[in-house]
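In case it helps, the numbering used here puts the sequence shown at residues 35 to 154.
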Amino acid sequence: MNQKDLKRYKKMLEDSKTSLLESAKKTLVEESSFDTDDLPDEIDQAASEYTQSMVFRLRDREKFLLQKIDAALKRVEDGTFGICERCEEDISPKRLDARPVTTLCIRCKEEQEKKEKSYG
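Here is the structure:
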């Protein structure tokens, strides 16, 4: 992979990371100001707690994505970005454009999904 493409993917990853961190900060501020005493009845409180629970689950997923982004940025720095960790072939640019945090080429990912599907 050439340096121009590496810089472009690095910028994509850094922009995604920045966006996720800003969103997390916004949620933290909004959720920390949440007061259950402001809700008039139990149904409103339950609905609000459900919504809050969903938001925190989404944040957990975003935390996992941040870890993947950091790992991808490390691969950019050490020169292994864009190389399948299983077969060591180049990952196609289309796949990297769609999912820059990927570690598997499409063929290896499909094989992995078939195995997972057969287990359950």
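Each residue gets a CB set at the ideal place from its N, CA and C atoms; glycine is no exception.
With distances taken Cα to Cα, identify the nearest neighbour of aspartate 12 among Ser50, Leu40 and Leu138. One cannot answer for residue 12 here, as it falls past the ends of the chain, which runs 35 to 154.
Mind checking proline 134: buried by the 16 CB within 10 Å criterion, or exposed? buried
Could you tell me the distance, in whole angstroms, from the CA atom of threonine 98 to the CA atom of threonine 61? Threonine is not the amino acid found at residue 98; the sequence shown has phenylalanine there. Cα to Cα, phenylalanine 98 sits roughly 17 Å from threonine 61.
Taking all protein chains shown into account, decide if phenylalanine 220 is buried (16 or more other Cβ within 10 angstroms of its Cβ) or exposed. Outside the displayed range of the chain (35 to 154) lies residue 220, so it cannot be described from this structure.
8 Å CB neighbourhood of aspartate 124 in its chain, flanking five on each side removed: Met35, Gly116, Ile117, Cys118 and Cys139
In three-state DSSP terms, what is isoleucine 103? helix
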